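Report on the following structure.
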Amino acid sequence: MNEVGGVVRTRPYRMTSRAEATRETAIRVLDVAVELFTEKSFEDVSLDEVAGRAQVTKRTVLRRFDSKDGLFAAAMQHAAEEMVSQRGTAPVGDIAKAVANLMDHYERWGTNRLRLLAQEERITVVADHVEAGRRYHWSWVEQTFAPLIAGLEGDARRRRVAALVAVTDVYTWKLLRRDLALSRANTERIVIELISKLAGAE
């Protein structure tokens, strides 16, 4: 500390250190919240459990996020930033690499996505997040598979995009990987084959 004009001031580096510690705490809470909202239904996640696993007080969580709804929204936004960053690297027009990118995403986030989809009809904050995810997936398909859509208009274009959305949906991944117990490699190959057939469709 130093004193200027009789006022005690904290050195800037201490303020920076405190801000960094606060940020690290917030990220730790968000990471824990993402884990718990993936492991359990929204109703079964308590702020006490989040606080305990993150090694902070419940009061700290409430002061930062106001409520469980607020924590959920912040945690899912935190997760979405990682998802969008990863999926944004998918190369446009390269079916195999785009599908590999998508499989990376579902292997990492598929459980989370399925957990939230199962709750959207009864929990508003979850429904809002799921709907935002649907809009993102549609736009990702339009961008990533743009060459497969080029030249199509109106209903023909919408049908093609809808078909690509269905083929690349998390439920398709679940059917192949979990319900049918296929390997990732075979799941990836099937999705590539399906998209390639669409690419060759008139």
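In terms of numbering that gives the first Met the number 0, the sequence shown opens at residue 0 and continues consecutively. The beta-carbon is built from N, C-alpha and C at its ideal position, and this holds for glycine as well. Model, not experiment: these values are computed from the prediction.
What residue from the options has the CA that sits closest to residue i's CA?
i: Arg134; options: Thr24, Gln54 and Val83; result: Val83
i: Trp29; options: Ala149, Leu70, Ser40 and Ala89; result: As written in the sequence, residue 29 is Leu, which differs from the Trp given in the question. It is Leu70 whose Cα lies nearest to the Cα of Leu29.
i: Gln76; options: Arg62, Val129 and Val98; result: Val129
i: Ala99; options: Glu23, Phe36, Arg112 and Gln85; result: Gln85
i: Ala165; options: Ala149, Trp139 and Arg177; result: Trp139
i: Leu101; options: Ala184, Gly199, Thr15 and Ser16; result: Ala184
i: Leu113; options: Gly132, Ala97, Leu147 and Thr123; result: Gly132
i: Arg191; options: Ala50, Leu163, Val33 and Arg177; result: Arg is not the amino acid found at residue 191; the sequence shown has Ile there. Nearest C-alpha to Ile191: Leu163.
i: Asp65; options: Ile148, Val125, Ala180 and Leu46; result: Leu46
i: Ile122; options: Ala95, Arg63, Ile189 and Lys67; result: Lys67
i: Ala126; options: Val33, Ala72, Glu187 and Ser182; result: Ala72
i: Phe36; options: Glu23, Leu61, Ser16 and Ala74; result: Ala74
With residue i as the anchor, note down where its alpha helix (DSSP H) starts and where it stops.
i: Leu175; result: From DSSP, Leu175 is part of no alpha helix (DSSP H); its letter is neither H nor E.
i: Thr85; result: Checking the sequence shown, residue 85 turns out to be Gln, not Thr. From DSSP, the alpha helix (DSSP H) with Gln85 extends over Lys67 to Arg86.
i: Val60; result: Lys57 to Phe64
i: Asp47; result: Leu46 to Ala53
Shorter than 6 Å, the distance from the beta carbon of residue i to the closest heavy atom of the ligand ADP, or not?
i: Thr88; result: Absence of the ligand ADP is noted for the structure shown, with no ligands found whatsoever.
query = Using 8 Å as the threshold, is the segment 134–149 in touch with the segment 86–95, meaning 3 or more CB pairs across them?
reply = yes
Whole runs of the alpha helix (DSSP H) within the segment 116–185, excluding any shorter than 4 residues = 123–143, 145–148, 153–166 and 169–173
key: Three or more C-beta pairs below 8 Å linking the segment 95–106 and the segment 170–185   = yes
query = At a cut of 8 Å, does the segment 183–196 reach the segment 117–129 through at least three beta carbon pairs?
reply = no
inquiry  = Quick check: the segment 15–31 against the segment 54–61, are at least 3 beta-carbon pairs closer than 8 Å?
reply    = A contact exists between the segment 54–61 and the segment 15–31.
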